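Input: a single structure, listed below in structure tokens.
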Amino acid sequence: MPIIAAQQQIETVIELNNLSKEFDDLTAVSDLTVSIPSGEIYGLIGPNGAGKTTTIRMACGLLAPTQGEVRIAGIDVVQQPDQAQQYVGYLSDFFSVYEDLKVWEYLDYFAHAYKMQDAEIAGRITEVIGQVGLEVKRDALIRGLSRGMKQRLGIGRAIIHRPKVLLLDEPASGLDPKARFDLRNLLRGLRDQGTTVLISSHILTELEGFCTSIGIMEKGQLVRSGRIAEVTAAENPARMIRLRWMENSAPVAPLLSASSEVSGVSLDSVEGRFHFSGTDAELAQLLAGLIAGGVQVLSFAESKQTVEDLYMKLSRHEVM
Amino acid sequence: MLRFWRNPEFVRHCRAELRRNRALAVLPVVLVIGALIGLGCWASRASELEAVRRWATQFHREDHLAQFQTTYVRDIWRLFYRWLMLVQAGVLSFWSLLACAQSVSGERERKTWDFQRTTRLTPGELLVGKLLGEPVLAYFMVICCFPMALAAAIGGKLRVSDFVSAYAMIMMGALFIGLVGLWLSSLLESRRGFGLLAAIGLFVLFVISYNVRMSNYPGLAAFSPLAGLLPLLQVDTAPNQPIATIFGQKVPWLVASLLLYVTFGAWLVVMLVRNLKRDYEGMRLLTRWQALGCAAFVNFVVYAAFHPRSETFWVQGDMMTRPTAPTPQDLVKLVVVFNTVILFGIGLATLVPYERLKVWSRRRAEGKASLLAEEGLAWPWLALSAVIAYALLVWGLLAWRSVLGFERNVLSASALQLLTVLLFVTGDVIFIQWCRLTRMRAPLLKGVLYLGLYYATAIVLTIVVSLGSQPFAEALSAVLTPVAAFDDRIVSFRAPLSVGLGWALQCVFIGIMIAVITRRVQRPAN
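Protein chains in written order, with the numbering used here: chain Y, 699 to 1018; chain W, 18 to 543.
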């Protein structure tokens, strides 16, 4: 199975080795192996029922694997759950909060439950309340908060003890667009502080732009895993180039077909696209050739693949 | 436990339940209820005084009136104290049971439980926090009530030791009942329906267990807080009251309750600590060795609490006791009944989740796991438990031989009786294990209900057959049910043919169920 960044000199904080989980007659996760280095935001994507939630629940010690091991910061989660959990923050997709507590009391409870030092708790609560934007609600009872605020409080709970690893299962469900934007910024900020994030979602646009690595799961198996650029490169050795030109220019097709690096040409009267397998210099040369050949080029750009494109290409769209 | 006030779970409950407004609302309510109880006691005693005055005037018994008047005020205080303590005991125990019985299951239902499981709180800390925190409002009410109870105790000229003991009894009872509630809630996925009914049923069981003091096991009445509390409150002052005994030696009720609560509570704690942070599907109450120890412990209690010298009988509606001379066979029958329950309980406590059974089956196929492995089927351990029960039966019969006498034949007959129970219980437990491997919902409950249906059918069939032929009906019941375990025709190592047929039928059933289970767990997953 693919192991990302195996050769890197960065500390690996999440290790899932040959992880399997069976429920009755169903194999929810099958022989999953992933190593995630420190500071990554790893997006686990796949359809509903692919095994994402089961994987995350095993990673935080809520489910015992049928086989295999989970290590967080080098600690076996099954053997030493108490030690491992000091490094883990977890947020599930559907959750509830203690409605009869105040916002600060809720965070205070979890700060003590994670056995933080008494002296740092008050300061940390203020800091986290600021990070999740609930300053004005600090002394409010939780039952009076909106759903989005409760979701933010849940995120605050997950990060209160400064975990090295954050495991988020569909964290943006129920959040409005602004709150989703804020969540992304918060996760980026945490990554910059060295937190490693494993985030699952089946809404691919949610992960776009801030995940550094992805794993695609289907039927309990990891179909692909790695840094987005690496997975893209592995799947598409040729870059896709989009081209637009002035009408009545010189014909484009003969000029493109003259290059051995060009393939998959698809053109109409004023625009088109093709795959290019050469280097940047060769691409620049091709553009110069087109212009020299009389094509009045309006735009010439490499088309970046989105996570969604990649997923649609790799996935067989099978569910269990 | 020692610094429970710093336990985050306890603090959470205090913050949520005892907000200033709520606490300020509870205080006057408690004071008003206390005042009403006080008024009621005064009114009752005043009307009694009036009746005595009339009677004394009519029959010229002023001396009796004078005597009544000398203790009049003290008796009002005592009555007030008695009611205050009983109300506190009732409220605290019922509240503890109900609050704790919805604790873990409620968190599971609200989806907050997983977050507690991922914190660094140990199962022990969660247990203490919930046990003391869930009923914290009831404890607060008791604290509010305390000054009134103290005043009543002083006014009633009660001994300090009785006052302290009564409160100790109330607290012990509430903690134990709360622990039982917490244990119950750890077994349930939802706080509604069965859990609530079971909690109320348990409370009734606790209260009525007080009546066990009239049986051959008077000490087991100490499970009820009433057993220790009522003598301290001088509610029942009739002579010849039953007493708690351990191996025939008198023990104060408070000590008997303490012993039962601590020992049985310890087993509940073991089960809770082992399972609180586990996933619901992966829960197994006890390890195999713990189950064996639990079976041995309960058997030991059966002999320790046995009191052969009294028998209950009724004369014109009054319950009375008299000395009896039970035989060793009587003790064996009691032990067999207890062991039917113990073995079934142990069997349920050691049921294995489908997933772990599959892992065991694979490892066994590779020669890496034994029949006695932790994740294997429970039947070898049930057999071991029965062996231990038999060894303790031999010991118990020897220990009580000076009172019951001793017959060598009883040893061999009791072995066959226990074997009968073992075979039927093993069949039942393996059937429930199979139910757990199917896709049925609430397999444990349904398995027990199916077994209930089977035994009800067997009993009805036996009754119908008995209308035609009594001997045939007896044989049929011996084949279909474990009733033969109490059959006096089992003598020495000889048993009637029908009993042997019943054993054979159970062995075949067990064999078939094991084969079905084995085939199922060897099926590859999809």
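Here a beta-carbon is modelled for each residue, glycine too, at the ideal position from N, C-alpha and C.
Bear in mind the structure is a predicted one, so any value in this text is a computation, not a measurement.
DSSP lists Y:V995 as the bridge partner or partners of W943 of chain Y. A residue is called buried when at least 16 other Cβ atoms come within 10 angstroms of its Cβ; Q450 of chain W meets this threshold and is buried.
Beta-bridge partners assigned by DSSP to A261 of chain W: W:V268. If you check the CB distance, E713 of chain Y and S736 of chain Y do not come in under 8 Å. Interface flag for L138 of chain W against chain Y is set, since a Cβ pair is found closer than 8 Å. Distance from the CA of A116 of chain W to the CA of R845 of chain Y, rounded to the nearest whole angstrom, comes to 27 Å. Note that the C-beta distance between T753 of chain Y and V711 of chain Y is not below 8 Å.
Here T280 of chain W is exposed, its C-beta having fewer than 16 other C-beta atoms within 10 Å.
Cα atoms of A63 of chain W and S182 of chain W: separation of roughly 29 Å, rounded to the nearest angstrom. DSSP places I363 of chain W in the helix class (H, G or I) of the three-state scheme. Non-local C-beta neighbours of F441 of chain W in its own chain, meaning closer than 7 Å and more than five positions away in sequence, comprise P499, Q523, ordered along the chain. In the three-state DSSP reduction, S899 of chain Y falls in the strand class (E or B). Interface criterion met: the Cβ of F132 of chain W is under 8 Å from a Cβ in chain Y. Collapsing the DSSP output to three states places L428 of chain W in a helix. Residue burial is scored here from C-beta neighbours: P488 of chain W has fewer than 16 other C-beta atoms within 10 angstroms and is therefore classed as exposed.
In chain order, T135 make up the part of chain W whose C-beta sits under 7 Å from the C-beta of C758 of chain Y. When CB distances to chain Y are screened at a threshold of 7 Å, the residues of the region 101–131 of chain W falling below it are R127, K128, T129, D131, in chain order. Counting only Cβ-Cβ distances below 9 Å, V786 of chain Y has contacts in chain W at T135, in chain order. Secondary structure note for F314 of chain W: its alpha helix (DSSP H) is the uninterrupted segment 305–321. E383 of chain W carries a coil assignment under DSSP once its states are collapsed to helix, strand and coil. In chain W, no part has a C-beta under 9 Å from the C-beta of R841 of chain Y; the shortest such distance is about 11 Å. Among the residues of the region 360–380 of chain W, those with a Cβ less than 7 Å away from any Cβ of chain Y are Y371, E372, K375, V376, in the order of the chain. Taking C-alpha positions only, S898 of chain Y is separated from L742 of chain Y by approximately 4 Å. Closest in alpha carbon position to R836 of chain Y, among Y:L864, Y:D806, Y:I857, Y:V968, is Y:D806.
Within the DSSP bridge table, the entry for G245 of chain W names no partner. Look at the beta carbons and you see the region 142–153 of chain W not touching the region 783–802 of chain Y: under three pairs across the two are nearer than 8 Å.
With at least 16 other beta carbons inside 10 angstroms of its own, F85 of chain W counts as buried.
The beta carbon of P25 of chain W sits closer than 8 Å to some beta carbon of chain Y.
Inclusion of L114 of chain W and V43 of chain W in the CB contact set at 8 Å is not warranted, their separation being larger than that value. Residue state for K719 of chain Y is assigned as strand, using DSSP reduced to three classes. The shortest CA-to-CA distance from E916 of chain Y to any of Y:E709, Y:N716, Y:T725 is the one to Y:T725. Taking every protein chain shown into account, the CB of F240 of chain W has 16 or more other CB atoms within 10 angstroms, so this residue is buried.
A Cβ-Cβ separation of about 15 Å leaves E709 of chain Y out of contact with T910 of chain Y under the 8 Å criterion.
Counted as a single uninterrupted DSSP element, the stretch harbouring D504 of chain W is not any beta strand (DSSP E), since DSSP gives it neither H nor E.
Between T136 of chain W and F998 of chain Y the beta-carbon gap is near 55 Å, outside 8 Å, which marks them as no contact.
Of all residues in the region 738–768 of chain Y, only R755, C758, G759, L760, L761, A762, T764, Q765 come within less than 9 Å of chain W when Cβ atoms are compared, listed by chain position.
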